[in-house]
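This report concerns only the one structure given below.
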Amino acid sequence: MIRVEGLTHAFDGVPALRDVALQVPTGGTLGLIGPGGAGKSLVLKALCGLLRPDAGRIWLDDDEVTALGERALMRVRAKIGMVFQNYALFDYLTVGENIGFPLTRLGDASAADIAAKVALRLAQVHLPGIEARFPGELSGGMKKRVCVARATVHDPPFLLCDDPTAGLDPVTTNRIFGLLKALQAEHGATLLIVSHEVAALAPLCDRFVMLRAGQVVFDGPPDQAHTAEDPEVRAFVGQAPVFAEAGA
Amino acid sequence: MLRRVRRQVADTLRVGAMTLYYLARGQRQRGAVLAQMFEVGNRSVVFTVLTLGFLGAIITLQAGFQALRIIGDTSLVGPQSLPLLVRQLGPTLTGLMVATRVGTGIAAEVGSMVVTEQVDALRMNNAPPVDYLIKPRFVACLVMIPALTVVGIASAFVAGMFTAQAAFHTQPAVYARFDVVKLSDLAEGLSKAVAFGAVIPIIAGASGLMARGGSAGVGEATTRAVVYSSLAVIVLDFVLGGLAFLVFA
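As you go down the protein sequences, you meet chains Z and U in turn. Using my numbering, the first residue of the first sequence is number 1, and each one after it goes up by one. Using my numbering, the first residue of the second sequence is number 1, and each one after it goes up by one.
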C-alpha cells in the first residue's frame, strides 16, 4: 500500500507541493494526472526518497519513507520499480546490461539467471534479441519499453511510472499501458502512473488523482472525473473545452 | 558568488568523505577501476608528453640564454632544471593538464548523468553515485596521476636535453646529472602528484553531482570543475611546497 499525507515542498520559497494526500491499496492502480508543472513527478520522487519533502509523511507498506535515512532507503528502493520520464537508461551499458542492472545490484543472481531473466523481459516487451544494442541505437518507443523491462525485471511490489508514454504514438502508448497492466497482473504490484494520456490511462486505473499547482483538485474513480465540479478537471479528461469555460 | 563557493567547498568535502567511506565499505565493481585507469592514464599520455616535452625545451632554451648572457656557460642548465622539474614543475603542470582533460571529462559525464536522471536510476538500484561513479575515478587518478607525472618529467627532461644539445652544444652527459636530485625532491614531487590525484576527481565529481537543469547546467559544472581543480592544484602546490621546505630544510 502507498499512503501519502500532507506532502508539502517548496523550491526557493516557491511552493511546488501543497498538502498532497493520496492512497493506493496493495495491487491497486492510481493514475496521477494534471497539467505540466503541477508536481506529479515530484510526488513520485518523494515516494522513493529521491526528494526530501519539507513536510508530510509517506508510507510504502510499513516503511515510512520520509523518516528513513539514505542507507535504510536503499532497502525500500529495492521494492520499487521506477520508469523515468527521460528514460534514464545508462548510455554506456548495453540494453541487456541496463535491464540486468537491478538484478546485479539488488540480488546475488548468477550471470546465467540474469541473462535468462533479461531475455524473458525483452520478449515480454516485444523486443527480443536486442541485448547487445546500446540505448542510443533505439527509438523513443523502444527505449520506453526497455525502461519498463528494467523497472520490472526484479518483480518489485511497487511500480512507479513517470509519464511512460510521453512523446509516443497512440499505438505504442496503448502497448505500453497494456504491458504495465499485464506485468502488474502477473505479480500483483501496486501501480502508480503519471501520464497526460488520460483517455488511454482511464481503463487501467482504479482511481485518478489530479494535481494542479501542487494541490490535489480531484481524487476519485476515472468516470467521476467526467462529471467533476471543477471545470478544469472535466477539461483535462476531455469533457469540457477549457477555453469556453474560461470565457463563459 | 561567496555562497556558491561555500556550497562547492561543502559538497566537495562531503563527496570526499563519502569516497573514503565507500573505499572501505562500498561494493566492488569488476573492471571499473581498470577502465578508469585507461581513461585517465593511457588517454592522457600523448597530451602530457607533448605539453611537458615542450615545457622542458622552453625551460632549457630560456635558462640557457640567460646562462650564456651572464656566465657564458650552459653546463649548469641541466643540473639546475632537473630538481625543479621533479619537485615543482612536473607534478604541478601534469596536475593542471589532468585537471583540464580528466576533470572536465568527469564533471561532464557525471553532470549529464544527473540531468538525464541516470544518477536517480543508480540510487534506485542500490548504486550510490559516489560509490559507483566517483570511487573508481578517485582510485584511477590516485594511481595514474603520479604515473603520468613521472612520464611528464621524463619527457620534459629528454626534450630539454636534446634542446640543450641542439641550441648550446651541451653534451647529454653534462646535461643529465641525476645525482643533483635529492630524496627530498622526489618525496615532494611524489606527494604533490598523489595529492593532485586525490583532489581532482573529488572536485570534478562533486561539480558533476551538483549539476542542475539541462545542458547549460552540465556546462557550468564542467567550468566549475576545471576552475576549482586548477585552483586546488596551485594552492596544494604552495602548501605542500611550504611543508616540504619546513620538513627538509
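Every residue gets a Cβ at the ideal spot worked out from N, C-alpha and C, and that includes glycine.
Cutoff 8 Å; reference residue i; Cβ partners in own chain excluding five residues on either side
{"i": "His154 of chain Z", "result": "Ala78, Gly81, Pro102, Leu103, Leu106, Gly107"}
{"i": "Val125 of chain Z", "result": "Arg145, Val146, Val148, Ala149, Leu179"}
{"i": "Gly41 of chain U", "result": "Ala140, Val143, Met144, Ala147, Leu148"}
Within-7 Å CB hit, residue i to chain Z
{"i": "Glu39 of chain U", "result": "no"}
{"i": "Met124 of chain U", "result": "yes"}
{"i": "Thr131 of chain U", "result": "Before going further, note that residue 131 of chain U is Asp rather than Thr in the sequence given. Judged by the 7 Å Cβ criterion, Asp131 of chain U is not in contact with chain Z."}
{"i": "Ala244 of chain U", "result": "no"}
{"i": "Asp11 of chain U", "result": "no"}
{"i": "Ala216 of chain U", "result": "no"}
{"i": "Phe127 of chain U", "result": "According to the sequence shown, residue 127 of chain U is Ala rather than Phe. So yes, Ala127 of chain U belongs to the interface."}
{"i": "Ala121 of chain U", "result": "yes"}
{"i": "Gly111 of chain U", "result": "no"}
Whole-angstrom distance between residue j and residue i, CA atom to CA atom
{"i": "Val33 of chain U", "j": "Met142 of chain Z", "result": "31 Å"}
{"i": "Leu159 of chain Z", "j": "Lys144 of chain Z", "result": "14 Å"}
{"i": "Val217 of chain Z", "j": "Ser44 of chain U", "result": "57 Å"}
{"i": "Gly242 of chain U", "j": "Leu84 of chain U", "result": "15 Å"}
{"i": "Ile234 of chain U", "j": "Ile145 of chain U", "result": "15 Å"}
{"i": "Cys161 of chain Z", "j": "Thr116 of chain U", "result": "16 Å"}
{"i": "Leu76 of chain U", "j": "Thr51 of chain U", "result": "23 Å"}
{"i": "Leu262 of chain U", "j": "Gln27 of chain U", "result": "Outside the shown range of chain U, which is 1 to 249, sits residue 262 of chain U, and nothing can be said about it."}
{"i": "Ala140 of chain U", "j": "Pro201 of chain U", "result": "9 Å"}
{"i": "Leu186 of chain U", "j": "Thr152 of chain Z", "result": "55 Å"}
{"i": "Met74 of chain Z", "j": "Ala46 of chain Z", "result": "14 Å"}
{"i": "Ala112 of chain Z", "j": "Arg137 of chain U", "result": "29 Å"}
{"i": "Leu44 of chain Z", "j": "Leu22 of chain Z", "result": "12 Å"}
{"i": "Ala228 of chain Z", "j": "Ala10 of chain U", "result": "49 Å"}
{"i": "Ala166 of chain Z", "j": "His196 of chain Z", "result": "8 Å"}
{"i": "Gln66 of chain U", "j": "Ala204 of chain U", "result": "40 Å"}
{"i": "Leu192 of chain Z", "j": "Val24 of chain Z", "result": "8 Å"}
{"i": "Val76 of chain Z", "j": "Glu186 of chain Z", "result": "21 Å"}
{"i": "Leu23 of chain U", "j": "Leu89 of chain Z", "result": "26 Å"}
{"i": "Gly179 of chain U", "j": "Thr60 of chain U", "result": "First, the amino acid is wrong: residue 179 of chain U is Asp here, not Gly. About 19 Å."}
{"i": "Ser139 of chain Z", "j": "Leu55 of chain U", "result": "49 Å"}
{"i": "Gly322 of chain Z", "j": "Val15 of chain U", "result": "Because residue 322 of chain Z is not part of the residues shown, which for chain Z are 1 to 248, the question remains open."}
{"i": "Gly100 of chain Z", "j": "Ala115 of chain Z", "result": "7 Å"}
{"i": "Val86 of chain U", "j": "Gln171 of chain U", "result": "21 Å"}
{"i": "Arg7 of chain U", "j": "Asn98 of chain Z", "result": "33 Å"}
{"i": "Thr172 of chain Z", "j": "Ala119 of chain Z", "result": "21 Å"}
{"i": "Asp63 of chain Z", "j": "Tyr92 of chain Z", "result": "34 Å"}
{"i": "His226 of chain Z", "j": "Gly31 of chain Z", "result": "15 Å"}
Inter-residue CB distance, residue i and residue j (contact presumed, cutoff 8 Å)
{"i": "Arg194 of chain U", "j": "Leu142 of chain U", "result": "Note on residue identity: the sequence assigns Val, not Arg, to residue 194 of chain U. Yes, they are in contact, since the Cβ atoms of Val194 of chain U and Leu142 of chain U sit about 7 Å apart, within 8 Å."}
{"i": "Thr19 of chain U", "j": "Val130 of chain U", "result": "6 Å"}
{"i": "Ala225 of chain U", "j": "Ile106 of chain U", "result": "7 Å"}
{"i": "Gly214 of chain Z", "j": "Leu17 of chain Z", "result": "5 Å"}
{"i": "Ala10 of chain Z", "j": "Asp61 of chain Z", "result": "Going by Cβ atoms, the distance from Ala10 of chain Z to Asp61 of chain Z rounds to 28 Å, so no, they are not a contact pair."}
{"i": "Val95 of chain Z", "j": "Pro135 of chain Z", "result": "7 Å"}
{"i": "Asp163 of chain Z", "j": "Gln85 of chain Z", "result": "5 Å"}
{"i": "Leu96 of chain U", "j": "Gly152 of chain U", "result": "Contact flag wrong, Cβ pair sits at about 11 Å."}
{"i": "Leu204 of chain Z", "j": "Thr29 of chain Z", "result": "6 Å"}
Residues near residue i by beta carbon distance below 6 Å, same chain, minus five either side
{"i": "Ala254 of chain U", "result": "In the structure as shown, chain U starts at 1 and stops at 249, and residue 254 of chain U therefore has no counterpart that could be examined."}
{"i": "Gly111 of chain U", "result": "Gly208, Ala211, Val218, Ala221"}
{"i": "Glu245 of chain Z", "result": "In this prediction, Glu245 of chain Z has a pLDDT of 46, which is less than 50 and means its spatial position is unreliable; nothing more can be read from the coordinates."}
{"i": "Ala38 of chain Z", "result": "Leu211, Arg212"}
C-beta neighbour in chain U for residue i, strict 7 Å
{"i": "Pro102 of chain Z", "result": "yes"}
{"i": "His9 of chain Z", "result": "no"}
{"i": "Ala88 of chain Z", "result": "yes"}
{"i": "Met210 of chain Z", "result": "no"}
{"i": "Met1 of chain Z", "result": "no"}
{"i": "Phe158 of chain Z", "result": "no"}
{"i": "Arg175 of chain Z", "result": "no"}
{"i": "Arg57 of chain Z", "result": "no"}
{"i": "Phe84 of chain Z", "result": "yes"}
{"i": "Met142 of chain Z", "result": "no"}
{"i": "Arg71 of chain Z", "result": "no"}
{"i": "Arg105 of chain Z", "result": "yes"}
{"i": "Arg77 of chain Z", "result": "yes"}
{"i": "Gly50 of chain Z", "result": "Residue identity check: residue 50 of chain Z is Leu in the sequence provided, not Gly. Yes, Leu50 of chain Z lies at the interface with chain U (some Cβ there is under 7 Å from its Cβ)."}
Interface flag, residue i vs chain C, CB-CB below 7 Å
{"i": "Thr116 of chain U", "result": "Here the protein chains are Z and U, and chain C is not one of them."}
Residues near residue i in its chain [Cβ-Cβ closer than 7 Å; skip 5 each side]
{"i": "Thr100 of chain U", "result": "Val226"}
{"i": "Phe248 of chain U", "result": "Ser184"}
{"i": "Ile130 of chain Z", "result": "Val95, Leu122"}
{"i": "Thr163 of chain U", "result": "Ala57, Thr60, Leu61"}
Closer than 6 Å: residue i CB and nearest the ligand GTP heavy atom
{"i": "Leu2 of chain U", "result": "This structure lacks the ligand GTP, and indeed carries no ligand of any kind."}
Quiz item: Could you give the uninterrupted runs of the alpha helix (DSSP H) lying entirely in the stretch 173-244 of chain Z, keeping only those of 4 residues or more?
Solution: 198-201, 222-225, 231-236
Quiz item: Can you give, in chain order, each stretch of the beta strand (DSSP E) that sits fully within the stretch 107-173 of chain Z and has at least 3 residues?
Solution: 158-162
Exercise. Only counting runs of 4 or more residues, tell me where the alpha helix (DSSP H) segments fall wholly within the stretch 27-82 of chain U, in order along the chain.
Key: 32-40, 45-70
Quiz prompt | Any alpha helix (DSSP H) of 4 or more consecutive residues that is wholly inside the stretch 74-140 of chain U | solution = 77-84, 90-98, 104-115, 118-124
Exercise. Ignoring anything shorter than 4 residues or poking outside the stretch 128-215 of chain U, list the alpha helix (DSSP H) runs there in chain order.
Key: 135-168, 172-175, 183-209
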